[in-house]
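Worksheet: one structure, shown below.
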Amino acid sequence: MIKKILVIHGPNLNLLGEREPGVYGNTGIDVLNQNIIDRAKEQGLKCEIFQSNHEGAIIDKLHSARLNFDGVIINAGAYTHYSYAIRDAISAIKIPCIEVHISNVFARDAFRSESVIAPVCKGSISGFGFGSYYLAVQALAEL
Ligand code: DQA
3 MIKKILVIHG PNLNLLGERE PGVYGNTGID VLNQNIIDRA KEQGLKCEIF QSNHEGAIID
63 KLHSARLNFD GVIINAGAYT HYSYAIRDAI SAIKIPCIEV HISNVFARDA FRSESVIAPV
123 CKGSISGFGF GSYYLAVQAL AEL
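Take the sequence shown: its letters are residues 3 to 145, numbered as in the working numbering.
This is the structure in structure tokens:
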């Protein structure tokens, strides 16, 4: 059976390439998404990608994922640091979820060092640029 994975990009990630290029790079989200799809294919996975700037929309997507997907990769953006609602949604669905960050969240502002979603995720990958997503694809393929 082919595994299906869902990638969720949270708030402000639609502006990749324009937003703080010194932190997030010069490449846009479309290139990132194509690379994720290619990596998933190489690993024999089917992949859907979703981006939203809205907490409720991310929660709705997580709920629907429980019926249709085998794993989730989530970059919850700043919600990572304070959204108990997203944390509860991840813990409510029983499929494995991997937290990713483009930047090294531990090397930046103090508030970014806390992730309220990390304890309910299978694991976390931070600081490898877009590579954080590709490593997460590999991790889900190997689970
Ligand atoms: C981020 C890190 C977060 O602290 C920040 O709010 C983001 C992006 C990252 O990918 O490095 O929006 O999740």
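Here a beta-carbon is modelled for each residue, glycine too, at the ideal position from N, C-alpha and C.
Which listed residue (the options) has its alpha carbon closest to that of residue i
i: V74; options: P98, K43, A143, I119; result: P98
i: Y2; options: Y86, R110, K43, N14; result: Here the chain covers residues 3 to 145 and nothing more, so residue 2 does not appear.
i: I39; options: T29, I31, G30, E50; result: E50
i: Y81; options: I60, Q36, S93; result: I60
i: S54; options: S134, R114, R21, I76; result: I76
i: R21; options: I104, F130, G129; result: I104
i: G19; options: S117, V33, R89; result: V33
i: A78; options: K124, R110, E57, S134; result: E57
i: G129; options: N16, A109, H65, P23; result: A109
i: I118; options: D72, A67, V107, S85; result: The amino acid occupying residue 118 in the given sequence is Val; Ile does not appear at that position. Of the listed residues, the one whose Cα sits closest to V118 is S85.
i: A87; options: L69, V107, H65, N35; result: H65
Own chain residues within Cβ distance below 8 Å of residue i, not counting five before or after
i: L47; result: I4, K5, K6, I7, V139, L142, A143
Contact set for residue i: own chain, Cβ-Cβ below 6 Å, skip 5 residues either direction
i: S126; result: E101, A120
i: E116; result: H83
i: V122; result: R89, I92, S93
Rounded Cβ spacing between residue i and residue j (contact assumed at less than 8 Å)
i: I10; j: K63; result: 6 Å
Cβ shell of residue i (< 7 Å), same chain only, five flanking positions each side left out
i: P13; result: N55, G79, A80, Y81
**Item:** 4 or more residues per run - each alpha helix (DSSP H) lying fully within the segment 64 to 121
**Value:** 86 to 94
**Request:** Just jot down, in chain order, the residues whose CB lies closer than 6 Å to any heavy atom of the ligand DQA.
**Result:** N14, N77, G79, A80, T82, H103, I104, S105, V107, R114
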